[in-house]
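Trainee: Under numbering that gives the first Met the number 0, think of the first position of the sequence shown as 0, with each following residue one higher.
Dropping the structure in here first, questions after.
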Amino acid sequence: MTSTTILQVSSLSKTFKNVQAVQNISFSLQQGDIFAFLGPNGAGKTTTLRILLDIIKADSGTIKWDFDSNESAFPPSSQIGYLPEERGLYTDQPIIRSLVYLASIRGMEPSKARKSAFEWLERLDLADRAKEKLQALSKGNQQKIQFVASILHKPAFAILDEPFSGLDPLNQEKFIEYIRELNEQGTTILLSSHQMSLVEKIAHRVFLINQGKELFNGSLMDIYKSFGQQHILDISFASEVPHEKFRLLPNVENLSPVGTQQVMVTFNPGTELKEILGNLSMMEGITNIKSHNSSLHDIFLNMVKAHQQ
């Protein structure tokens, strides 16, 4: 079964004064995707999202949305949910009033919006604060309300810009489940973040961007196959890590201390595990060796380094 292309972005560029924020990038989303737009702060992520929503204009390039075979340059508000990086709600209004109002202007009946809003507030343990003003909540709880406001009207397409901002680890994991649930219910998701360890748990495809330029565009499986083929070992010692011996070890790309008695060692791509273990066998005091694959964060850092050379 062929998926429908719901968003097609071609050769998009945007410059602010002397800074080229977005440089000739292209990507597409299929209906049902969880597409992660990833990069560090200042990489061009939020600029791109604002162009997609016609908040700011691109200097060049084209954007084509397709909802139910109706192509357009701008998405209909009833079909789109947007969680902005900055807070965008009425801080001096009761929470429930703001949620119902925002859902109703996107086409949801107020009675249904109110019912759904209370259901979400119950899930988020905030139902008892529904009549409070948003400004009375903590930063993390404000983020929860902002999220609900962006998806309450059950959009076909949701743009979530830094959805994990301000959340503690427990709530970050809950948000991963909420995003997965939305996707399973039919919402296509464009997720922008610099927290790659969280995003790689749910994304189907990724677009890596740095300084406005594309570094990678494809599936998670493809990026692991193409750029994650190197051995990373966590090595524990009975006493302090002998850093001087590791500096003499062949094919070591990076050393990262983990306390005084453990070190994470990244070896150059292509280095055989047999060779690595043979060299390590000459070291005294090793109590444990644990191998793991490159994370998306590790791959991104390596790609940035290669791009800057």
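Cβ coordinates follow ideal geometry from the N, Cα and C atoms, glycine included.
Everything numeric in this text was worked out from a predicted model, so none of it was measured.
Taking only beta-carbon positions, decide if residue 120 is within less than 8 Å of chain B.
Mentor: Checking the listed chains, one finds no chain B in this structure; it contains a single protein chain.
Trainee: Measure the Cβ-Cβ separation of residue 303 and residue 209 and say whether it is below 8 Å.
Mentor: Translated into positions along the sequence shown, residue 303 becomes position 304. Translated into positions along the sequence shown, residue 209 becomes position 210. Yes, the pair counts as a contact, with Cβ atoms nearer than the cut-off.
Trainee: Could you spell out the range, first to last residue, of the beta strand (DSSP E) harbouring residue 33?
Mentor: Walking along the sequence shown from the start, residue 33 turns up at place 34. Residue 33 -> beta strand (DSSP E) spans 33-37.
Trainee: Would you check if the distance between the CB atom of residue 94 and the CB atom of residue 113 is smaller than 8 Å?
Mentor: As a first step, residue 94 is located in the sequence shown; it is residue number 95 there, counting from the start. As a first step, residue 113 is located in the sequence shown; it is residue number 114 there, counting from the start. No, Cβ-Cβ distance for residue 94 and residue 113 is not below 8 Å.
Trainee: Pick helix, strand or coil for residue 302, following the three-state DSSP scheme.
Mentor: Taking the sequence shown and counting its residues from 1, one reaches residue 302 at position 303. Helix.
Trainee: Report the residue ranges of all beta strand (DSSP E) runs contained in full by the segment 33-69; include only those spanning at least 3 residues, in chain order.
Mentor: 33-37, 59-66
Trainee: Can the beta-carbon of residue 229 be found closer than 8 Å to that of residue 267?
Mentor: Residue 229 sits at position 230 when you count from the first residue of the sequence shown. Residue 267 sits at position 268 when you count from the first residue of the sequence shown. Yes, the Cβ-Cβ distance between residue 229 and residue 267 is below 8 Å.
Trainee: Specify the secondary structure class of residue 145 as computed by DSSP and reduced to three states.
Mentor: Position 146 of the sequence shown holds residue 145. In the structure shown, the three-state DSSP call for residue 145 is helix.
Trainee: First and last residue of the alpha helix (DSSP H) that includes residue 242?
Mentor: Translated into positions along the sequence shown, residue 242 becomes position 243. Unbroken alpha helix (DSSP H) run through residue 242: 242-247.
Trainee: Helix, strand or coil for residue 22, going by three-state DSSP, please let me know.
Mentor: By 1-based counting over the sequence shown, the position of residue 22 is 23. Residue 22: strand per DSSP, three-state reduction.
Trainee: So the alpha helix (DSSP H) residue 221 belongs to, where does it begin and stop?
Mentor: Translated into positions along the sequence shown, residue 221 becomes position 222. Taken as a continuous stretch (DSSP letters only), the alpha helix (DSSP H) holding residue 221 covers 219-226.
Trainee: State yes or no: is the C-beta of residue 86 within less than 8 Å of the C-beta of residue 171?
Mentor: Residue mapping note: residue 86 aligns to position 87 of the sequence shown, counting from 1. Residue mapping note: residue 171 aligns to position 172 of the sequence shown, counting from 1. Contact: no.
Trainee: Put residue 129 into one of helix, strand or coil per three-state DSSP.
Mentor: The sequence position of residue 129 within the sequence shown is 130, counting from 1. Note: residue 129 maps to coil in three-state DSSP.
Trainee: Taking the alpha-carbon positions, what's the residue 166 to residue 192 distance?
Mentor: For the purposes of this step, residue 166 is taken as the residue at position 167 of the sequence shown. For the purposes of this step, residue 192 is taken as the residue at position 193 of the sequence shown. Going from the Cα of residue 166 to the Cα of residue 192 covers about 13 Å.
Trainee: Distance check for residue 195 and residue 261, CA to CA, integer angstroms please.
Mentor: Numbered from its first residue, the sequence shown carries residue 261 at position 262. Numbered from its first residue, the sequence shown carries residue 195 at position 196. About 24 Å.
Trainee: Using alpha carbons as the reference points, say which of 35, 257, 276, 102 lies closest to residue 199.
Mentor: In the sequence shown, the residue the question calls residue 199 occupies position 200. Selected option, being the one with the closest Cα: 35.
Trainee: What separation, rounded to the nearest whole angstrom, lies between the Cα atoms of residue 41 and residue 185?
Mentor: Residue 41 sits at position 42 when you count from the first residue of the sequence shown. Residue 185 sits at position 186 when you count from the first residue of the sequence shown. C-alpha separation (whole angstroms): 31 Å.
Trainee: Which word fits residue 44, buried or exposed, when buried means at least 16 other C-beta atoms lie within 10 angstroms of its C-beta?
Mentor: Sequence index remark: in the sequence shown, residue 44 carries index 45 (1-based). Taking all protein chains in view, the Cβ of residue 44 is crowded by 16 or more other Cβ atoms within 10 Å, so the residue is classified as buried.
Trainee: Out of 164, 90, 110, point me to the one whose CA is closest to residue 130's CA.
Mentor: Position 131 of the sequence shown, counting from 1, holds the residue named residue 130. Of the listed residues, the one whose Cα sits closest to residue 130 is 90.
Trainee: For residue 250, which residues from the same chain have a beta carbon less than 7 Å from its beta carbon, with the 5 sequence-adjacent residues on both sides left out?
Mentor: As a first step, residue 250 must be located in the sequence shown, where it is residue number 251. Once the five neighbours on either side are set aside, the close Cβ partners of residue 250 are 266, 267, 270.
Trainee: In whole angstroms, what is the alpha-carbon distance linking residue 0 and residue 9?
Mentor: Reading the sequence shown from its first residue, position 1 is the one you call residue 0. Reading the sequence shown from its first residue, position 10 is the one you call residue 9. Bear in mind that the predicted position of residue 0 carries a pLDDT of just 43, short of 50, making it too unreliable to give a figure here.
Trainee: Please report the Cβ distance between residue 213 and residue 24, rounded to the nearest whole angstrom; I am assuming they are in contact, meaning their Cβ atoms lie under 8 Å.
Mentor: The sequence position of residue 213 within the sequence shown is 214, counting from 1. The sequence position of residue 24 within the sequence shown is 25, counting from 1. Sure, about 5 Å apart at Cβ, within 8 Å.
Trainee: Since residue 116 is in the alpha helix (DSSP H), which residue starts that stretch and which ends it?
Mentor: One-based indexing of the sequence shown puts residue 116 at position 117. From DSSP, the alpha helix (DSSP H) with residue 116 extends over 109-122.
Trainee: Give the secondary structure of residue 297 by DSSP, where H, G and I count as helix, E and B as strand, and everything else as coil.
Mentor: Residue numbering aside, residue 297 sits at position 298 when the sequence shown is read from its first letter. Three-state result, residue 297: helix.
Trainee: What is the DSSP secondary structure of residue 0, counted as helix, strand or coil?
Mentor: To locate residue 0, count along the sequence shown from 1; it is residue 1. Confidence at residue 0 is low in this model, with a pLDDT of 43, below 50, so its placement is unreliable and the value that follows should be read with caution. DSSP places residue 0 in coil when its eight states are reduced to three.
Trainee: So residue 232 and residue 264 are supposed to be a Cβ contact under 8 Å. How far apart are they, rounded?
Mentor: What you label residue 232 is simply residue 233 of the sequence shown in a count that begins at 1. What you label residue 264 is simply residue 265 of the sequence shown in a count that begins at 1. About 5 Å; that satisfies the 8 Å criterion.
Trainee: So residue 27 and residue 4 are supposed to be a Cβ contact under 8 Å. How far apart are they, rounded?
Mentor: Along the sequence shown, one-based indexing puts residue 27 at 28. Along the sequence shown, one-based indexing puts residue 4 at 5. Confirmed, about 5 Å.
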